[in-house]
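Q:
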Amino acid sequence: MASQFSVFGVRPRTRKPGTRSTTAHASIPLREQDISQINARRRGYAIAPEANELVQAAAACRSYFLTAAAFSLAINLLYLAPSLYMMQVYDRVIPSSSVVTLVMLTLVLLMSLAALGALDCVRAMVLTRASMRLDRLLGTRVVAATIEASVPRGGLAGMQPLKDFDSFRQCITGSGAHAAFDLPWTPIYILIIGCLHPALGFFAFVCAAALGSMALLNEVSVRKVLGEANDAAGWTYQLTDMSLRNAQVIQAMGLLPGLLLRWSESRNYALARQQVASERAAVMMAAIKFLRLAMQSGILGLGAYLAIEQMSSVGAVFAASILLGRALQPVEQIVGTWRSFVAGRAAYLRLRALLEAVPTGTHALTLPRPAGRLTVEKLGFTARGASRPILHGLSFGLEPGETCCIIGPSGAGKSTLARHLVGVVPPSTGAVRLDGADVTHYPPHTLGSHIGYLPQDIELFADTIAANIGRFKDGEDGKIVEAARIAGVHERILRLPNGYETSIGEGGAILSGGFRQRIGLARAVFGDPSFVVLDEPSSNLDTEGDAALAACIQYLKRRGTTVVIISHRPATIGLMDKLLVVQGGTASTFGPRREVLARLARSVPMHVVRGEAGGA
14 MASQFSVFGV RPRTRKPGTR STTAHASIPL REQDISQINA RRRGYAIAPE ANELVQAAAA
74 CRSYFLTAAA FSLAINLLYL APSLYMMQVY DRVIPSSSVV TLVMLTLVLL MSLAALGALD
134 CVRAMVLTRA SMRLDRLLGT RVVAATIEAS VPRGGLAGMQ PLKDFDSFRQ CITGSGAHAA
194 FDLPWTPIYI LIIGCLHPAL GFFAFVCAAA LGSMALLNEV SVRKVLGEAN DAAGWTYQLT
254 DMSLRNAQVI QAMGLLPGLL LRWSESRNYA LARQQVASER AAVMMAAIKF LRLAMQSGIL
314 GLGAYLAIEQ MSSVGAVFAA SILLGRALQP VEQIVGTWRS FVAGRAAYLR LRALLEAVPT
374 GTHALTLPRP AGRLTVEKLG FTARGASRPI LHGLSFGLEP GETCCIIGPS GAGKSTLARH
434 LVGVVPPSTG AVRLDGADVT HYPPHTLGSH IGYLPQDIEL FADTIAANIG RFKDGEDGKI
494 VEAARIAGVH ERILRLPNGY ETSIGEGGAI LSGGFRQRIG LARAVFGDPS FVVLDEPSSN
554 LDTEGDAALA ACIQYLKRRG TTVVIISHRP ATIGLMDKLL VVQGGTASTF GPRREVLARL
614 ARSVPMHVVR GEAGGA
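Structure representation (structure tokens):
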């Protein structure tokens with residue numbers, strides 16, 4: 014299987030001829046169209062020509078890594094103490110039978126080992142702080158890029174980028190990093206062994222080269238298989254996450270058996286590849302351990318021969334064995350943690366693709382609060398992979414304070430148009446302008462403060478009612494209550510056990526559909542927006558809710574807010590200034606409400622006027 018690095022995961026395997034695909038719903042890697050749509054949102058931004066952000070963040074932690082390297086210097090110098098102790102014991106203490114010298118040497122050794130342990134602990138703490146700094150530098154950036162990259166994909170995001178970031182962070186600051194800091198000392202230990210005797214040094218060099226070759230062979234043998242296993246496991250986790258989000262649908266329609274079959278196929282494939290990788294790694298680890306032990310014994314044998322021939326001392330023999338074990342230890346540790354290095358490298362590539370596709374930028378000019386003049390110019394949009402456009406050549410305009418209702422048959426493109434009006438989906442052609450400025454020129458956080466939006470899927474967050482209405486802004490209690498009053502839901506909120514501080518659960522699970530919709534309406538009108546788009550705002554409302562919605566619309570009209578509503582309820586249509594009829598992705602009729610209704614009554618079947626709740 015060709016490994017495909019992507020932002021939101023990869024297909025675990027390629028479907029073979031004659032077999033059923035198990036990845037029909039796998040996340041699709043970022044493609045050229047995704048990237049162009051994301052970058053289209055930045056027209057008008059001053060993009061800084063930055064280098065790789067991951068490399069920059071790692072460079073910002075340079076002081077931590079230099080400190081860890083300094084501690085590694087001290088640690089590896091102290092690792093010489095056991096060898097020196099061994100040499101002194103065999104070459105000085107035993108021949109002289111001096112107990113005092115033995116005691117003093119032992120005390121010095123114990124102090125050295127205590128200092129070594131303390132420094133090793135401090136080095137681990139330094140690397141932990143480097144990991145925390147990396148998280149502070151890039152954590153929110155990765156989450157923001159994940160959310161923004163998911164916008165042109167219809168919100169199909171997941172936890173994979175954040176998991177990738179954690180894997181990358183752990184890779185450069187975890188246990189494998191300790192071995193990497195110690196690895197440069199391997200040739201120094203070999204030189205020290207060579208100082209004891211050239212033959213011992215040459216033997217140590219051959220041993221290190223052999224063990225290094227084994228480490229490279231391990232990389233070649235497990236890299237591809239382990240990548241395939243990680244890819245398949247990522248898809249399995251994502252399928253599990255999607256299943257948990259849609260548990261009620263699965264239970265209601267009996268999807269569980271088929272879903273479990275697909276999950277188990279992908280899971281078994283991932284486990285099979287992991288088994289192959291683990292078995293290969295185990296064989297290599299066993300071979301490396303055998304070689305290391307054999308090499309340490311071999312250098313003892315060589316040293317004994319040199320001692321017999323009076324070419325080296327007995328203490329040098331044992332010191333060389335200890336030094337060789339220390340020289341080869343980092344190589345063995347790196348091989349043992351190789352899986353984390355492979356996962357970290359794959360995570361790095363996916364993160365780099367994400368951050369490059371969603372670059373940071375600063376707006377060249379802060380535009381004033383729009384009055385609400387809306388202009389749609391020959392708007393067109395074609396979804397990725399689609400042969401026909403959803404919207405094409407759609408044009409209309411509204412003056413500040415005007416209200417417009419969009420009607421049309423199901424699948425005409427009404428909801429897609431709503432998403433374009435608020436700037437969450439960049440158009441393929443044409444433009445949506447607010448007070449003459451393309452909505453894609455606004456930074457999302459700036460545009461969002463001037464816009465209210467209620468989508469069909471209300472998308473409340475697992476937090477308090479106050480946090481949802483107030484858009485997670487602090488110190489806005491007065492505006493939160495005002496928005497709830499405008500939406501006609503203030504009194505109902507007060508009757509809840511904790512009022513505005515009631516936690517509503519994921520997606521507003523504890524609230525009824527109509528209550529959730531009215532909370533979403535309050536969020537849409539929060540902060541005095543100049544432009545409000547409501548997509549089927551009455552689909553879950555009862556009579557009381559319809560009356561509250563009508564009062565809210567009338568209030569917005571009096572305040573001079575431009576309002577666009579997608580609805581087919583006569584009561585809502587009767588409040589509008591203008592009507593837009595969308596058919597086949599284009600504006601078939603647009604104008605004052607009375608004129609459009611009269612025209613439709615003469616030429617359009619009533620089912621087109623009424624339509625159905627929903628839309629593309």
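Taking my numbering, the leading residue of the sequence shown gets 14, the next gets one more, and so forth. Even for Gly, the Cβ is constructed at its ideal location relative to N, Cα and C.
1. Quick one: using the 10 Å Cβ neighbour count with 16 as the cut-off for buried, is T416 buried or exposed?
2. What does DSSP give as the partner residues of D548 in its beta bridges?
3. Should I517 be labelled buried (16 or more other beta-carbon atoms within 10 Å of its own) or exposed?
4. Whole angstroms is fine: what's the gap from N281's alpha carbon to A72's?
5. Suppose the cutoff is 7 angstroms on Cβ atoms and the five residues either side in sequence are ignored; what does the same chain contact list for A564 look like?
6. Taking the C-alpha atoms as reference points, what is the distance between L569 and L473?
7. Which residues share a DSSP beta bridge with F394?
8. Which term fits N511, buried or exposed, when burial requires 16 or more other beta carbons within 10 angstroms of its beta carbon?
9. In terms of DSSP beta bridges, what is C417 paired with?
10. Is R615 helix, strand or coil when you go by DSSP?
11. Use the C-beta contact count for T556: other C-beta atoms within 10 angstroms, 16 or more gives buried, fewer gives exposed.
12. Restricting to Cα atoms, I'd like to know which of A143, V327 and R382 is closest to S462.
13. Can you tell me the Cα-Cα spacing of R293 and A245, whole angstroms?
14. What residue range does the alpha helix (DSSP H) around V289 cover?
15. Nearest-angstrom Cα distance between L509 and G443?
16. Here's the rule I'm using: 16 or more other beta-carbon atoms within 10 Å means buried, otherwise exposed. How should Q101 be labelled?
17. Counting only runs of 4+ residues fully inside the region 464 to 497, write out the alpha helix (DSSP H) ranges in chain order.
18. Pull up the CB-CB distance for P636 and I419, whole angstroms please, since I reckon it's below 8 angstroms.
19. Can you give the Cα-Cα distance for V348 and L132, rounded to whole angstroms?
20. Cβ atoms of A496 and F539: under 7 angstroms apart, would you say?
21. Per DSSP, what are the beta-bridge partners of Q101 in this structure?
22. Would you kindly report the start and end of the unbroken beta strand (DSSP E) that includes V435?
23. Excluding the 5 residues flanking H405 on each side, which residues of the same chain have their C-beta closer than 7 angstroms to its C-beta?
24. Can you have a look at E625 and say buried or exposed, based on whether 16 or more other CB atoms are within 10 angstroms of its CB?
25. Start and end of the beta strand (DSSP E) containing S601?
26. Count the other CB atoms, across all protein chains shown, that sit within 10 Å of the CB of R363; report buried if there are 16 or more and exposed otherwise.
27. I532: buried (16+ other C-beta within 10 angstroms of its C-beta) or exposed?
28. When the Cα of D590 is compared with those of R607, I471 and L175, which residue comes out closest?
29. Could you pull out every unbroken alpha helix (DSSP H) segment of at least 4 residues lying fully inside the region 70 to 128, listed in chain order?
30. Just to confirm my understanding: we take P468, look at its own chain, exclude 5 residues before and 5 after, and list those with CB closer than 7 angstroms. What are they?
31. Going by other Cβ atoms of all chains shown within 10 Å of its Cβ, with 16 needed for buried, is M308 buried or exposed?
32. Excluding sequence positions up to five away, which residues of its chain have a Cβ less than 6 angstroms from the Cβ of E45?
33. Are F215 and A360 closer than 7 angstroms when you measure CB to CB?
34. Could you tell me the boundaries of the alpha helix (DSSP H) in which V445 lies?
35. For I586, which option in V233, W276, V609 and R571 has the closest C-alpha, if you only look at C-alpha atoms?
36. Tell me the start and end of each unbroken alpha helix (DSSP H) in the region 164 to 239 that is at least 4 residues and wholly inside, in chain order.
A: Looking at the atomic coordinates:
1. As a first step, residue 416 must be located in the sequence shown, where it is residue number 403. Counting Cβ neighbours within 10 Å, T416 comes out buried, since at least 16 surround it.
2. Looking up residue 548 in the sequence shown gives position 535. In DSSP, D548 forms a bridge with I579.
3. Counted from its first residue, the sequence shown places residue 517 at position 504. Buried, because 16 or more other Cβ atoms sit within 10 Å of the Cβ of I517.
4. Counting from one through the sequence shown, the residue named residue 281 turns up at place 268. Counting from one through the sequence shown, the residue named residue 72 turns up at place 59. Between N281 and A72, the C-alpha separation is close to 40 angstroms.
5. Taking the first residue of the sequence shown as 1, we reach residue 564 at position 551. Hits under 7 angstroms: G501.
6. Here residue 569 is taken as the residue at index 556 of the sequence shown, counted from 1. Here residue 473 is taken as the residue at index 460 of the sequence shown, counted from 1. If I take the Cα positions, the gap works out to 22 angstroms.
7. Counting from one through the sequence shown, the residue named residue 394 turns up at place 381. Per DSSP, L404.
8. One-based indexing of the sequence shown puts residue 511 at position 498. Exposed.
9. As a working note, residue 417 is residue 404 in the sequence shown. Note: C417 sits in a beta bridge opposite V577 and K591.
10. For the purposes of this step, residue 615 is taken as the residue at position 602 of the sequence shown. Correct three-state label for R615: helix.
11. On the sequence shown, position 543 is the one that residue 556 refers to. Exposed, because fewer than 16 other Cβ atoms sit within 10 Å of the Cβ of T556.
12. Numbered from 1 along the sequence shown, position 449 holds the residue referred to as residue 462. Here the closest residue by C-alpha is R382.
13. Translated into positions along the sequence shown, residue 293 becomes position 280. Translated into positions along the sequence shown, residue 245 becomes position 232. Their backbone Cα atoms lie some 19 angstroms apart in a straight line.
14. Within the sequence shown, residue 289 is the residue found at index 276, counting from 1. Run containing V289: L269 to I321, per the alpha helix (DSSP H) assignment.
15. The residue you call residue 509 lines up with position 496 of the sequence shown. The residue you call residue 443 lines up with position 430 of the sequence shown. Their Cα atoms are separated by approximately 46 angstroms.
16. Your numbering for residue 101 matches position 88 in the sequence shown. With 16 or more other Cβ atoms within 10 Å, it is buried.
17. 478 to 482
18. The first residue shown for the chain is 14 and the last is 629, placing residue 636 beyond what the model contains.
19. Along the sequence shown, one-based indexing puts residue 348 at 335. Along the sequence shown, one-based indexing puts residue 132 at 119. Their backbone Cα atoms lie some 24 angstroms apart in a straight line.
20. To locate residue 539, count along the sequence shown from 1; it is residue 526. To locate residue 496, count along the sequence shown from 1; it is residue 483. Cβ distance < 7 angstroms, so F539 and A496 count as in contact.
21. For this step, residue 101 is matched to residue 88 along the sequence shown. Answer is none; Q101 lacks a bridge partner.
22. Your numbering for residue 435 matches position 422 in the sequence shown. Where V435 is concerned, there is no enclosing beta strand (DSSP E), given that its DSSP letter is neither H nor E.
23. Within the sequence shown, the letter at position 392 stands for residue 405. Closer than 7 angstroms at the Cβ level, and outside the excluded window around H405, lie G393, G598 and T599.
24. The residue given as residue 625 occupies position 612 in the sequence shown. Only weak support exists for where E625 lies, its pLDDT of 41 falling under 50; the value from the coordinates is given anyway. With fewer than 16 Cβ atoms within 10 Å of its Cβ, E625 is classed as exposed.
25. Counting from one through the sequence shown, the residue named residue 601 turns up at place 588. Element bounds for S601: T599 to P605.
26. On the sequence shown, position 350 is the one that residue 363 refers to. Classification for R363: buried.
27. Here residue 532 refers to the residue found at position 519 of the sequence shown. Its Cβ being crowded by 16 or more others within 10 Å, I532 is buried.
28. For this step, residue 590 is matched to residue 577 along the sequence shown. Closest option to D590, Cα to Cα, is R607.
29. 75 to 91 and 93 to 101
30. As a position in the sequence shown, residue 468 is number 455, starting the count at 1. These residues qualify, in order along the chain: D548.
31. Position 295 of the sequence shown holds residue 308. Buried, by the Cβ-count rule.
32. Position 32 of the sequence shown holds residue 45. Caution is warranted here: a pLDDT of 42 is assigned to E45, below 50, making its placement in the model unreliable, and the coordinate value is therefore given only provisionally. No residues qualify anywhere along the chain.
33. Your numbering for residue 215 matches position 202 in the sequence shown. Your numbering for residue 360 matches position 347 in the sequence shown. No, Cβ-Cβ distance for F215 and A360 is not below 7 angstroms.
34. The count along the sequence shown starts at 1 and reaches residue 445 at position 432. From DSSP, V445 is part of no alpha helix (DSSP H) but of the beta strand (DSSP E) over T442 to L447.
35. Indexing the sequence shown from 1 puts residue 586 at position 573. If we check each option's Cα against that of I586, V609 comes out closest.
36. 173 to 186, 188 to 195 and 199 to 209
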